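In this text, residue positions in the sequence shown follow the numbering used here: the first is 341, and each later residue adds one. Even glycine gets a Cβ: it sits at the ideal position worked out from N, Cα and C. Only a predicted model underlies this, so the values are computations on that prediction, with no experimental measurement involved.
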Amino acid sequence: MTATLEQLRRCHFAVDLGAARTRVYVKGSGLVVDQPSVAAVNTRTGALIAVGEFAERMTGRTPDYIRVMRPVSGGTVVDIEMAQRMLRHLLGDKMRRALRRKPFLRAAACTPHDADPLAQRAAIETLVGLGARRVELVDTLIAAAVGCGLPVEQPEASMIMVCGAAATEVAVLSLGNIVTAERIRVGGEAVDHAIVQHLRHEHELMLPSQNVRPLQLALSGNGLTPHGPASTEIHGRDVCTGLARSVQVDTAAVRDAIQTPLTAVLDSIGKVLRDCPPDLVADLADRGIMMVGGSALLPGFDQMLRQATRMPVHIAERPDICAVQGLGTMLEGKVEPMELNPISS
């Protein structure tokens, strides 16, 4: 954890800038923003037209002079000015006025594991542009573990897997710190892309928009498990004619198509376990893996991990908001650090 619990208790609001969604937690008010990280801009005038869900619905449906942008990519702010404008509109005038009345406004933000200094600086500059005088950074793995109720501060192993849109992070935690961790650039978007490519190559079908969650359409029921439906109907556009067309897609073929990105996730779990001390691995045999993040809700993903790792796999109650809830818990002072007092001789 980059910031201490005492520093986080002094913060007034926390932000989780994700590649898919932006969430803001205000101390005393709770979660006030949970919207897609999307902004629509008029390129002729530079005016911001829409943000959040409305801007996301505009993707692929706008004239040439309107550009739909994603200022956050892979958990890193790539366009600081646009991210600031997006956050201002998502917060609204009333909430921003309430925050500006704080005498020394402090903010907290999630950063991906092993984020480079440039990515950390981008997150800080984004919140400074909102009026924050000081910004505390917290590792996403720690924040998500606190948010889903894992005993992070105890001297026992807790394994967490943060399944994001652009990346997946796996870590073993103990005594409030990360023992070993791995981050790979494979997430829900990679799985969706594999589905899109499969439909294009095998059925010559193009989906209407990249924002459509094709996996949720193709893998209903039991999802990734062989007990799911044998086939499902998908609507899209014919690659050759450009006309609307529907095809029956074999879900077994879809499962094979997404094995490559999911195998990379399994490899990262194996690497974390190999680098972990044996005593902690023994704890994990009983406790298993906690899945958080929006992509943790992938149908059948948890069952596939159970079969591959032979360990218990659990999905958090609200996996999509665990990181920002963890930040909020620390802001409210609900996490008690374990006291490690030196022994006097």
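- Around the Cβ of Gly358, a 10 Å sphere holds 16 or more other Cβ atoms; the residue is buried.
- Cα atoms of Leu539 and Thr399: separation of roughly 21 Å, rounded to the nearest angstrom.
- Taking C-alpha positions only, Gly633 is separated from Gly386 by approximately 33 Å.
- Going by beta carbons, Glu496 and Asp623 fall inside the 7 Å limit.
- Taking C-beta atoms under 8 Å as the contact rule, Val526 and Pro617 fail to qualify, at a distance of about 26 Å.
- Judged by pairs of C-beta atoms under 8 Å, the segment 635-653 does not touch the segment 458-465, as fewer than three such pairs exist.
- Look at Leu357 here: in three-state DSSP terms it is strand.
- Here the C-alpha atom of Val653 lies approximately 44 Å from the C-alpha atom of Ile406.
- Secondary structure of Ser608 (DSSP, three-state): helix.
- Shortest Cα-Cα distance from Val378 to any of Met426, Arg474, Arg349 involves Met426.
- For Phe353, the number of other beta carbons within 10 angstroms of its own is at least 16, and it is reported as buried.
- DSSP assignment within the segment 584-630 yields the following whole beta strand (DSSP E) runs of 3 residues or more, N-terminal first: 584-590.
- If you keep only unbroken beta strand (DSSP E) runs of at least 3 residues inside the segment 367-421, you get 370-376, 379-382, 388-391, 406-409.
- For Leu490, there is no enclosing beta strand (DSSP E), as DSSP marks it with neither H nor E.
- Annotation for Asp578: Arg585 place their beta carbon closer than 6 Å to its own, counting only its chain and skipping 5 residues before and after.
- Of the candidates Ala507, Val594, Leu515, Val594 places its Cα closest to the Cα of His543.
- Cβ atoms of Ala511 and Ile518 come within 8 Å of each other, at about 5 Å.
- Contact annotation: Val408 and Ala380 have beta-carbon atoms nearer than 7 Å.
- Between the beta-carbon of Thr416 and that of Ala455 there is about 7 Å, and that keeps the pair under the 8 Å contact cut.
- Taking the Cα of Ala521 as reference, the smallest distance to any Cα among Val364, Asp607, Arg384, Ala423 is reached at Asp607.
- Runs of alpha helix (DSSP H) with 4 or more residues, each lying fully within the segment 629-668, are found at 641-649, listed in chain order.
- By the Cβ-count criterion, Gln647 is exposed, with fewer than 16 other Cβ atoms from all chains shown falling within 10 Å of its own Cβ.
- Per DSSP, the unbroken alpha helix (DSSP H) holding Glu542 starts and ends at 528-543.
- Looking at Lys442, Ala472, Leu481, Thr466, the one whose alpha-carbon comes closest to that of Ile420 is Thr466.
- Sixteen is the threshold: when 16 or more other Cβ atoms of the shown chains lie within 10 Å of the Cβ of Lys367, as they do, the residue is buried.
- Less than 7 Å divides the Cβ of Ala449 from the Cβ of Leu477.
- Residue environment for Arg410: buried (at least 16 other C-beta atoms within 10 angstroms of its C-beta).
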